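Enquirer:
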Amino acid sequence: MCGEKYFAVTISDLWVVSVLYGLYVALFGGSIYVLIRRRRNTLYAGSSIALFLLTTTFAAVSLVGVLVEPVITADSQLTSGGQTVTSCDPGTSSPDRMQEILSANIYIIVKSATQMCISVIADGILVHRCMVLWPQVTRRWIGISLGTLLMASTALNCASLYYQVEFYLLNSRQGHSGSREQLLKVIQMGNKFGSANNMMDFAYNAIITMLIAHRIWSLARTLENTLGRTAGVRYRAALAIVIESGSAILVSQVLDTSLGFSVSPTYAVSWESLTAFYPVRPALDTTKIF
């Protein structure tokens with residue numbers, strides 16, 4: 176049945192985002208309580224609130240995007256190996272469908288811009304926490320290295336966002352006569368920058384996870400050698416949480432990048448779930464460690 180696969184992907188995408196958002200809301204409440212009542216920190220509290228507002232915006236746009244696109248959701252098929260979405264009846268194009276396509280392009284741009292802001296804030300929190308753990312001499316070089324990677328990742332994200340805007344302009348231009356190949360080329364360029372950004376993010380998260388984990392392990396070992404095995408119990412618990420949350424992000428990024436290269440129709444699900452999972456890590460670390 177035409178449209179069944181796209182409908183399933185769309186609903187699965189919305190379901191995954193909703194589940195992860197519900198998990199994040201619970202962790203956000205716990206992290207705010209810790210940052211305000213137990214260990215007051217204005218910087219982390221402000222960043223956490225900003226992440227919550229951005230993540231709520233992302234989840235809301237995902238929901239609205241499905242609700243206001245009934246024609247696309249129910250009467251579309253995936254073509255070109257999952258790269259493009261076309262009508263089940265390619266020979267016809269109703270005004271309602273054209274309007275929904277333009278609206279869908281706007282929603283994608285808004286979600287991509289929101290995702291970029293979420294990534295920058297969440298990664299910035301991790302950079303600050305990593306720098307605080309290390310001595311003053313090492314701290315500067317760690318900040319410069321991680322900051323460079325973060326800026327490079329943001330630049331790639333901006334490039335991907337540019338091609339999404341370009342795709343929208345091609346679709347919305349009055350009297351547009353551009354070929355399908357032209358639109359497909361814009362999509363492919365955006366996907367290339369998106370995949371490059373995913374790989375850069377993977378390297379960044381792998382490095383920062385190892386730096387934080389190594390420093391916590393080093394502190395735990397020093398305490399245990401001085402005061403005994405029980406002195407490092409709390410540090411080892413924190414180490415486990417850092418490794419688990421970091422590994423979850425890394426696995427999600429590998430999956431997202433792999434699906435992007437394979438041009439899988441489930442790429443949208445992995446991308447949106449990764450975006451919804453980004454703020455979970457700093458909230459989890461705050462609740463359980465800091």
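The sequence shown lines up with residues 176 to 465 when you count with my numbering.
Even for Gly, the Cβ is constructed at its ideal location relative to N, Cα and C.
Fair warning: this is a prediction, and the values are worked out from it, not measured in the lab.
Can you check which of these residues, V340, N372, G221 and L336, is closest to L324 by C-alpha distance?
Expert: N372
Enquirer: Helix, strand or coil for G403? Go by DSSP, reduced to three states.
Expert: coil
Enquirer: The alpha helix (DSSP H) that contains L308, what's its start and end?
Expert: For L308, the uninterrupted alpha helix (DSSP H) segment begins and ends at P270 to L308.
Enquirer: Go ahead and label I424 buried or exposed: buried means 16 or more other beta carbons lie within 10 angstroms of its beta carbon, across all protein chains shown.
Expert: buried
Enquirer: Confirm, please, whether the CB-CB distance from L226 to A297 is below 9 Å.
Expert: yes
Enquirer: Please report the straight-line C-alpha distance between L430 and I207, rounded to a whole angstrom.
Expert: 31 Å
Enquirer: Between the Cα of Q274 and the Cα atoms of Y343, L218, S223 and V191, which residue gives the shortest distance?
Expert: Y343
Enquirer: Mapping DSSP to helix, strand and coil, what is S352?
Expert: Its pLDDT being 48, under 50, S352 is placed unreliably by the model, and nothing is read from it.
Enquirer: Taking Cβ positions, are L331 and M375 nearer each other than 9 Å?
Expert: yes
Enquirer: Rounded C-beta distance between I383 and C292? I'm assuming under 8 Å.
Expert: With a Cβ gap of about 19 Å, I383 and C292 do not count as contacting.
Enquirer: Touching or not, the region 180-194 and the region 228-244, by the rule of three or more beta carbon pairs under 8 Å?
Expert: yes
Enquirer: Mapping DSSP to helix, strand and coil, what is V243?
Expert: coil
Enquirer: Where does I300 land, buried or exposed, given buried means 16+ other C-beta within 10 angstroms?
Expert: Burial call: buried.
Enquirer: If we require 4 or more residues per run, which alpha helix (DSSP H) segments fall completely within the region 355-425?
Expert: 355-402
Enquirer: Once DSSP output is grouped into helix, strand and coil, what is the label at R315?
Expert: helix
Enquirer: If you measure between the beta carbons of A394 and Y410, is that distance less than 9 Å?
Expert: Sequence inspection shows Leu at residue 394; the Ala mentioned does not correspond to that position. It is a contact, given that the beta carbons lie within the stated cut-off.
Enquirer: Have a look at N380, G221, G407 and N280 and flag the residue whose alpha-carbon is nearest the alpha-carbon of G322.
Expert: N380
Enquirer: Can you name, in chain order, every residue of its own chain whose Cβ lies under 7 Å from the Cβ of V340, other than the five neighbours on each side?
Expert: I284
Enquirer: Based on Cα-Cα distance, which residue from I276, G197, I211 and L218 lies nearest to T230?
Expert: G197
Enquirer: Whole-angstrom Cβ separation of A220 and L210, contact assumed at under 8 Å?
Expert: 4 Å
Enquirer: Helix, strand or coil for P454 per DSSP?
Expert: coil
Enquirer: In the structure shown, what three-state DSSP assignment does N346 receive?
Expert: helix
Enquirer: Quick one: using the 10 Å Cβ neighbour count with 16 as the cut-off for buried, is L336 buried or exposed?
Expert: Buried: at least 16 other Cβ atoms inside 10 Å.
Enquirer: Taking DSSP as the reference, what is the three-state secondary structure of N216?
Expert: DSSP places N216 in coil when its eight states are reduced to three.
Enquirer: Considering only their Cβ atoms, is the gap separating L277 from N346 smaller than 9 Å?
Expert: yes
Enquirer: Taking Cβ positions, are V417 and Y199 nearer each other than 9 Å?
Expert: no
Enquirer: In chain order, what residues of the same chain have a beta carbon less than 7 Å from the beta carbon of L189, not counting five sequence neighbours either side?
Expert: S237, L238 and V241
Enquirer: Excluding five sequence neighbours on each side, which residues of the same chain lie with their C-beta closer than 6 Å to the C-beta of G318?
Expert: M306
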